[in-house]
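All remarks here apply to the structure that follows.
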Amino acid sequence: MSEPFAAPAARSLGPVILLGVPGAGKGTQAQRIVAHYGIPQISTGDIFRAAADTPQGRELAQYMERGELVPDRLVCAILAPRLQQPDCRQGFILDGFPRTVPQADWLLTFLAEHRMSGARGPIVVYLTVGYNDLYRRLAGRRTCPKCGRIYNDFSQPPQRPGLCDLDGAELVQRRDDDPAVIRERLISYEERTLPLIEHLRRRSCFHQIYGADPVARVTENVFWALESCRDGAA
Ligand code: AP5
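Letter by letter, the sequence shown follows residues 39 to 272 of our numbering.
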């Protein structure tokens, strides 16, 4: 006899792709999905920043500090071994990948070849935010170097100025959150990433969510989208 209500944890979430312009809230929402579903967040930007002291990391930083995209071949080569780690078996959240049509095609092929697509293919959540909000979001962003928690001086300040609520570490500002670099990142997004939206809309379980609502409301809508797409949902 089949169970009328399967427990949520018993069903796989599969791959989740978070799309959105820089500052749309991908990292913020990814941290909430991790806490709720217990699957890993795979942020290409975080992986590249964590490699900063290696020769490859220094090569990557040259692109990032100019606000340019890292070449596709390099990104895919770095990502492939990460996706094959055991913690990805029940699903994972891609934050900042794919960012170009070739990256998306590589990913869809990789997932199919490794039987990681899930029954319905990846779930894509596209967060939309008006450009007027973005400078304030990016220029006001502060991150904890120890635990990675994201704050914002304007919308989500820490309880004690400049210090992480969770571990007291001194918050830092990303080097690419400089106004001149922000401008270049937005140009890269328009030229290289926007065409990806329509490409993925046709090939996945796709949800567009308004990202300018308060964080908790956005999270509610993201969870609703994930539940409506996950394996076994009607
Ligand atoms: P990456 O690190 O991925 O940065 P990004 O895509 O530019 O996105 P961000 O991290 O800036 O923004 P987010 O959407 O995560 O917003 P967040 O949640 O932090 O990439 C950096 C660089 O690495 C790229 O420029 C490129 O060079 C390279 N790179 C990475 N991946 C690559 C790839 N696949 N291919 C090629 N190159 C690649 O939120 C922003 C702020 O807003 C925070 O302060 C937050 O507190 C606040 N906030 C969030 N939600 C809300 C809300 N609802 N209301 C009010 N404030 C909010």
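We put the beta carbon where it would ideally sit given N, CA and C, even for glycine.
Beta bridge counterpart(s) of residue i as assigned by DSSP
| i | result |
| --- | --- |
| D133 | L56 and S81 |
| Q69 | In DSSP, Q69 forms no bridge with anything. |
| H74 | Its beta-bridge partners do not exist; DSSP assigns none. |
| I188 | T181 |
Alpha-carbon spacing of residue i relative to residue j, whole angstroms
| i | j | result |
| --- | --- | --- |
| L238 | E229 | 16 Å |
| L224 | L146 | 25 Å |
| H74 | R111 | 32 Å |
| V167 | P78 | 25 Å |
| A90 | R96 | 6 Å |
| D143 | N170 | 31 Å |
| I220 | G105 | 7 Å |
| I235 | L132 | 15 Å |
Backbone secondary structure at residue i - three-state DSSP
| i | result |
| --- | --- |
| E208 | strand |
| V167 | coil |
| V162 | strand |
| L277 | Here the chain covers residues 39 to 272 and nothing more, so residue 277 does not appear. |
| Q246 | strand |
| A48 | Residue confidence for A48 is low, a pLDDT of 38 falling below 50, so the modelled location carries little weight and cannot support an answer. |
| Q123 | coil |
| Q94 | helix |
| Q128 | coil |
Any non-hydrogen atom of the ligand AP5 closer than 6 Å to residue i Cβ
| i | result |
| --- | --- |
| M154 | no |
| F261 | no |
| A218 | no |
| Y15 | No information on residue 15 is available, as it lies outside the stretch 39 to 272 that the chain covers here. |
| V163 | no |
| L107 | yes |
| A21 | In this structure the chain extends from 39 to 272, so residue 21 is not present and cannot be described. |
| N190 | yes |
| F244 | no |
| F135 | yes |
Chain B within 7 Å of residue i, Cβ atoms only
| i | result |
| --- | --- |
| F192 | This model lacks chain B altogether; it includes just one protein chain. |
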